[in-house]
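There are 2 protein chains.
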Amino acid sequence: MALAIGARVKQERQLRGWTLDQLAESAGVSRRMVVNVEQGAANPSVGTLLRISDALGVGLPALVEPPRPKPVNVTRSGEGAALWIGESGGRGVLVAGTEPPDVVELWDWTLGSGDRHVSEAHTSGTKELLQVQQGTVTVEVAGQSVTLDVGDAVTFPGDVAHSYANPGTEPARFSLAVFEPGVGTRHRPEASDA
Amino acid sequence: MALAIGARVKQERQLRGWTLDQLAESAGVSRRMVVNVEQGAANPSVGTLLRISDALGVGLPALVEPPRPKPVNVTRSGEGAALWIGESGGRGVLVAGTEPPDVVELWDWTLGSGDRHVSEAHTSGTKELLQVQQGTVTVEVAGQSVTLDVGDAVTFPGDVAHSYANPGTEPARFSLAVFEPGVGTRHRPEASDA
DNA sequence: TCCATAAGTGCATCATACTGCACTCTCAGT
DNA sequence: ACTGAGAGTGCAGTATGATGCACTTATGGA
């Protein structure tokens, strides 16, 4: 246990290019102690550990918690969830996404000739980034209308109603990144104590 | 900080109906210390804290970590993702699901007259639980075919190919719970250390 | 009332976390 | 070789975590 904590402290320190003295002074702990903690040769108190984790700016849990294996989710071609299907062969496919907070989603959209998709306003602060891969796409946001050809891209707020349409006669395809900032991050319930 | 830790220790202890002496002995720590820790009147070493967390069977992080607000995701009627759409008005809608590992998903399926959906085999160990809400549904699993009327339910393995069909002339509807056990639990990558 | 059990406090004592300093070792840079 | 910086060790002293015991208070049952 102490070894694991020490390894993490050392890793964080070296990641910042700090010397033992720098960390010691910054944490208000003797350099001797920092060395002992890093080597697992000590049984530090939570106070000491807290001061160190604080100096590193990582929070206490980060030191005692086993590092989470960074989840890698692969969505193979055709495996994505089609969350919208148009009338002329169009599809909106969610191919990748992150967990809350700060959700980022990557979509692969196809619009058949004449297809049009209208999206309601998303959560406040949502951003959308779009690049046309094939064909022509018309985006309407807040009364503005822009027409994009292959390679064109646009960034616009997703927290107002908007729509994608294919005005052309051949299928259109575009990549869409949606960023939805920290839902539920601003307030912390902390209810279950009672 | 110490106060927060103490509160959690006390909570866990009382949750188990243990006395101070019981926890103290079980943890191999003096009763006096347990009291001090619970009241935040001490600055325990990680060793002491580890013995206590161990006795409680909750792991060290659980004591230093702020309790995670249990995520509650509400999917309103009509908001679910339709991951399959049939030819006669049928839809397979994912209305709720948990995060890995041990994924549980709740689906709301509608099958138009004559609609049929064939599903490939899922991950090994997957279970499916189905109850018909409306109409008649025929389920085929591993060569067996069962016909279910309103209220009927069936449990079957999802790790073999199977299909749902509506043999009747009116729309059918059923609830489907899918349980996919611990994907990625058996081996831990632990790669990002190098 | 008397007794038993559990929570909580005060204090003397022991064990050890923590400090400070002096020292060694290694590795660039000149 | 010399120098300086950073990593790591050994040790004595000090602060404090941790213990054990005696005590108080509160609650509930015979």
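Going line by line, the protein sequences match chains A and B.
Position 97 (the first sequence) corresponds to 87 in this note's numbering; numbering is contiguous.
Position 120 (the second sequence) corresponds to 110 in this note's numbering; numbering is contiguous.
C-beta: ideal position from N, C-alpha, C; glycine also.
Practice task
Measuring alpha carbon to alpha carbon, tell me which of B:Gln1, B:Glu130, B:Ile42, B:Glu77 ends up nearest serine 109 of chain B.
Solution key: B:Glu130
Problem - Contacting positions in the segment 24 to 44 of chain B - beta carbon closer than 7 Å to chain A - result: Under the 7 Å Cβ criterion, the segment 24 to 44 of chain B contributes Asn33, Pro34, Ser35, Val36, Gly37, Leu39, Leu40.
Exercise for the section: Give every residue of the same chain whose Cβ lies closer than 7 Å to the Cβ of leucine -7 of chain A, excluding the five residues on either side of it in the sequence, and list them in chain order. Expected result: Closer than 7 Å at the Cβ level, and outside the excluded window around leucine -7 of chain A, lie Gly30.
Practice task
Measure the C-alpha to C-alpha separation of alanine 167 of chain A and leucine 119 of chain A and round it to an integer number of angstroms.
Solution key: 5 Å
Handout entry: Nearest residue (CA-CA) to leucine 73 of chain A, options A:Leu53, A:Pro57, A:Trp99
Key = A:Trp99
Exercise for the section: Put valine 150 of chain A into one of helix, strand or coil per three-state DSSP. Expected result: coil
Exercise for the section: Return the chain-ordered list of same chain residues with a C-beta closer than 7 Å to the C-beta of valine 19 of chain A, the five sequence neighbours on each side being excluded. Expected result: Thr38, Arg41, Ile42
Handout entry: glycine 80 of chain B in three-state terms, based on DSSP
Key = coil
Handout entry: Range covered by the beta strand (DSSP E) that runs through alanine 118 of chain A
Key = In the sequence on display, residue 118 of chain A carries glutamate and not alanine. Taken as a continuous stretch (DSSP letters only), the beta strand (DSSP E) holding glutamate 118 of chain A covers 117 to 124.
Handout entry: Closest by C-alpha distance to alanine 151 of chain B, when choosing among B:Asn26, B:Glu15, B:Ser78, B:Ser135
Key = B:Ser135
Practice task
Determine the extent of the beta strand (DSSP E) in which valine 108 of chain A is found, giving its start and end residues.
Solution key: 106 to 109
Problem - Cβ shell of alanine 14 of chain B (< 7 Å), same chain only, five flanking positions each side left out - result: Ser20, Arg21, Val24
Practice task
Whole angstroms is fine: what's the gap from serine 153 of chain A's alpha carbon to arginine 106 of chain A's?
Solution key: 7 Å
Practice task
Using a Cβ-Cβ cut-off of 7 Å, state whether leucine 50 of chain B counts as contacting chain A.
Solution key: yes
Handout entry: Span of the beta strand (DSSP E) around arginine 163 of chain B
Key = 162 to 170
Practice task
Consult DSSP for serine 43 of chain A and reduce its assignment to one of helix, strand or coil.
Solution key: helix
Handout entry: chain A residues whose Cβ lies nearer than 8 Å to that of valine 54 of chain B
Key = Within chain A, Val36, Leu50, Pro51, Val54 have C-beta atoms less than 8 Å from the C-beta of valine 54 of chain B, given in sequence order.
Handout entry: Contact under 7 Å by Cβ, alanine 17 of chain A with asparagine 26 of chain A
Key = no
Exercise for the section: Could you please give me the residues that DSSP links to glutamine 134 of chain A through a beta bridge? Expected result: A:Val131
Problem - Buried or exposed (CB count within 10 angstroms, at least 16 for buried), alanine 162 of chain B - result: It is buried - the Cβ of alanine 162 of chain B has at least 16 other Cβ atoms within 10 Å.
Exercise for the section: Can you grab the Cα-Cα spacing for the pair tryptophan 8 of chain A / alanine 52 of chain A, in whole Å? Expected result: Cα atoms of tryptophan 8 of chain A and alanine 52 of chain A: separation of roughly 18 Å, rounded to the nearest angstrom.
Exercise for the section: Identify which residue in A:Glu28, A:Gly148, A:Gly125, A:Gln124 has its Cα closest to the Cα of histidine 112 of chain A. Expected result: A:Gly148
Exercise for the section: Determine which residues share a DSSP beta bridge with leucine 13 of chain A and list them. Expected result: Leucine 13 of chain A is not bridged to any residue.
Practice task
With DSSP as the reference, label leucine 100 of chain A as helix, strand or coil.
Solution key: In the sequence under discussion, the amino acid at residue 100 of chain A is threonine, which differs from the leucine named in the question. Strand.
Exercise for the section: Return yes when the Cβ of leucine 46 of chain A is within less than 7 Å of the Cβ of valine 54 of chain B, no when it is not. Expected result: no
Exercise for the section: Express the C-alpha separation of glycine -4 of chain B and isoleucine -5 of chain A in angstroms, rounding to a whole number. Expected result: Between isoleucine -5 of chain A and glycine -4 of chain B, the C-alpha separation is close to 21 Å.
Practice task
Starting from arginine 6 of chain A, follow the alpha helix (DSSP H) in both directions and report where the run begins and ends.
Solution key: Looking at the DSSP string, arginine 6 of chain A is not in any alpha helix (DSSP H), and its letter there is neither H nor E.
Problem - Neighbour list for alanine 151 of chain B in chain A, Cβ cutoff strictly below 9 Å - result: Under a criterion of Cβ atoms nearer than 9 Å, no residue of chain A is adjacent to alanine 151 of chain B; the nearest Cβ is some 17 Å distant.
Problem - Proximal chain A residues relative to alanine 111 of chain B, where beta-carbon distance stays under 9 Å - result: Chain A residues near alanine 111 of chain B: none, gap ~15 Å exceeds 9 Å.
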